[in-house]
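**Q**
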Amino acid sequence: MAEKKPRADAKLLNLPEEVAAELSSALLEGMGYAKARKWLADNYGVRASMDAFSRFYEKVCAPELLARRRRTVKTADMLAEAVAAGTGRYDAVLMEQVKQRTFELLLNPQAKADQVMLLMSTIQRGQDQKLKEEQLALARDKFEFSAAEAALKHAAELQVISRDTSKDTQGKVNEARRLMYGEDAK
Numbered sequence: 084m085a086e087k088k089p090r091a092d093a094k095l096l097n098l099p100e101e102v103a104a105e106l107s108s109a110l111l112e113g114m115g116y117a118k119a120r121k122w123l124a125d126n127y128g129v130r131a132s133m134d135a136f137s138r139f140y141e142k143v144c145a146p147e148l149l150a151r152r153r154r155t156v157k158t159a160d161m162l163a164e165a166v167a168a169g170t171g172r173y174d175a176v177l178m179e180q181v182k183q184r185t186f187e188l189l190l191n192p193q194a195k196a197d198q199v200m201l202l203m204s205t206i207q208r209g210q211d212q213k214l215k216e217e218q219l220a221l222a223r224d225k226f227e228f229s230a231a232e233a234a235l236k237h238a239a240e241l242q243v244i245s246r247d248t249s250k251d252t253q254g255k256v257n258e259a260r261r262l263m264y265g266e267d268a269k
């Protein structure tokens, strides 16, 4: 018995997974049915009606589009909550979205290289900024530790300086700095 050919209007729904994903991505990126029809025929020898493209979009692309929209709404809600809470967490949320978009573009064979490079450089700048923030936090921690250590070492002298009524606050601070950090402390 000969293998049954798929119905003409189901051809697109029976495409190999990789081809279906490529077609879905192209349609979701805005490629029109006529252009997609020509592309599919030229690249894979598959000819399908406009109605088949409409069904493919309805069955494959529309659910993906809805899922993307749900993710976008969820991300927007998380961002709004982070901004409202004043946590500063929104930077991380935005960076995760940039990474997700970059990943989607990398999987899209029709993605423009300049778009991918722009997003990759944004990710790199974000990572550089995070590293600088971590280095600054570490430097601040080291400074605070050193300051506390110096204050303990000179506690008695600092008490004498703080009780000195002949100096104003700025004078006391300058003398304490010289004591703790040396003559050239400013």
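Residue numbers for the sequence shown follow our numbering, beginning at 84 and rising by one. We put the beta carbon where it would ideally sit given N, CA and C, even for glycine.
1) Return the CA-CA distance between V102 and M203, expressed in angstroms with no decimal places.
2) Rounded to a whole number of angstroms, what is the C-alpha to C-alpha distance between D197 and T185?
3) Once DSSP output is grouped into helix, strand and coil, what is the label at K118?
4) Buried or exposed: Y127, going by 16 or more other Cβ atoms within 10 Å of its Cβ?
5) Apart from the five residues on each side of it in sequence, which residues of its chain come closer than 7 Å, Cβ to Cβ, to T158?
6) Would DSSP call T158 helix, strand or coil?
7) Evaluate the contact criterion for the region 236-253 versus the region 208-226: three or more CB pairs, one atom per stretch, below 8 Å.
8) By the 10 Å Cβ neighbour count, where 16 or more other Cβ atoms means buried, how is L214 classified, buried or exposed?
9) How close, in whole Å, do the beta carbons of K182 and A131 come, if the pair is a contact with beta carbons under 8 Å?
**A** Taking the coordinates as given:
1) 26 Å
2) 11 Å
3) helix
4) exposed
5) V176, Q180
6) helix
7) no
8) exposed
9) Rounded, the Cβ-Cβ distance is 35 Å, inconsistent with contact.
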